[in-house]
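Report on the following structure.
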Amino acid sequence: MASTPSLLEAAGVFIWPLAICSIGAAYIIVERALALAPSRTVPASVLDAVTRGVTPIAPPRSLAGKILAAKNAGLQGESLVAFAEAELIGMQRGLFLLDTVVGLAPLLGLLGTVTGLAGLFPQQGLPDPNTLTRGVGLALSTTILGLGIAIPAQLAANWLARRVEVVSSRANVLIQALESPRRS
Numbered sequence: 600m601a602s603t604p605s606l607l608e609a610a611g612v613f614i615w616p617l618a619i620c621s622i623g624a625a626y627i628i629v630e631r632a633l634a635l636a637p638s639r640t641v642p643a644s645v646l647d648a649v650t651r652g653v654t655p656i657a658p659p660r661s662l663a664g665k666i667l668a669a670k671n672a673g674l675q676g677e678s679l680v681a682f683a684e685a686e687l688i689g690m691q692r693g694l695f696l697l698d699t700v701v702g703l704a705p706l707l708g709l710l711g712t713v714t715g716l717a718g719l720f721p722q723q724g725l726p727d728p729n730t731l732t733r734g735v736g737l738a739l740s741t742t743i744l745g746l747g748i749a750i751p752a753q754l755a756a757n758w759l760a761r762r763v764e765v766v767s768s769r770a771n772v773l774i775q776a777l778e779s780p781r782r783s
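Under the working numbering, the first residue of the sequence shown carries the number 600, and numbering increases by one thereafter.
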């Protein structure tokens, strides 16, 4: 009696593009989560100091540090806002690829499903039991894997998009506090 193939074995050639999607999504999620950490964007201590009218010291590579350096270099008003917006756009790097994985992984799963089911029907007669098992296995495995990649990637994409919104809001508060007339 033949052993039942594992989920990964049953996915056939579709395992490779699905694996690329999975690895790519995991890399983007981890890299962006680290890049959007509060200590690398607008730390609460910096925001608190600026809102109290105290000149803070921010990590130079953080968004807050870059905004403070731009302000000290003479950028003001709309120029400072435009500078911060450009920095925020850079923080969204790679998120479009995560959105692509969210759309592509289920489609690859569907392609595997259709391929597996299409192989079930020979030109004459009924398929033999081994062909039936392989075809249904391919169909189910690729669907499961495609959805198993897309669902967590979608959750992460939503969380990262929200994180960018929070960073944007904090940057706006920082700029408003820097531009307020009560500062000396």
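Yeah, the Cβ is synthetic: ideal placement off N, Cα and C, and Gly gets one too.
Close CB contacts of Ser644 within its chain, under the 8 Å cut and outside five residues either way in sequence, are with Pro655 (chain order).
With contacts defined as CB atoms closer than 8 Å, Leu719 and Pro726 qualify as a contacting pair. Excluding its 5 nearest sequence neighbours in each direction, Ala770 has C-beta neighbours in its own chain below 7 Å: Val641, Leu662, Ile666, Ala683 and Leu687, listed in chain order. Close CB contacts of Ile628 within its chain, under the 6 Å cut and outside five residues either way in sequence, are with Ala755 (chain order). With contacts defined by Cβ atoms closer than 8 Å, Leu635 and Leu759 form a contacting pair. For Thr741, the enclosing alpha helix (DSSP H) has its first and last residue at Pro728 to Glu778. Under a 10 Å Cβ-count criterion, Leu737 is classified as buried, with 16 or more other Cβ atoms of the shown protein chains found around its own Cβ. Taking 8 Å as the cut-off, the beta carbon of Cys620 is found no closer than this to the beta carbon of Ala685. Non-local beta-carbon contacts of Gly693 in its own chain, meaning distances under 8 Å to residues more than five positions away in sequence, involve Ile627, Glu630 and Arg631 in chain order. Sorting Val763, Ala776 and Ala749 by C-alpha distance to the C-alpha of Ala624 places Ala749 at the top. DSSP, reduced to helix, strand and coil, places Pro659 outside both helices and strands of the structure shown, so it counts as coil. A straight-line Cα-Cα distance of about 18 Å links Thr714 and Ser605. Rounded to the nearest whole angstrom, the C-alpha separation of Val766 and Thr699 is 23 Å. For Ala672, the secondary structure class from DSSP, reduced to helix, strand or coil, is coil.
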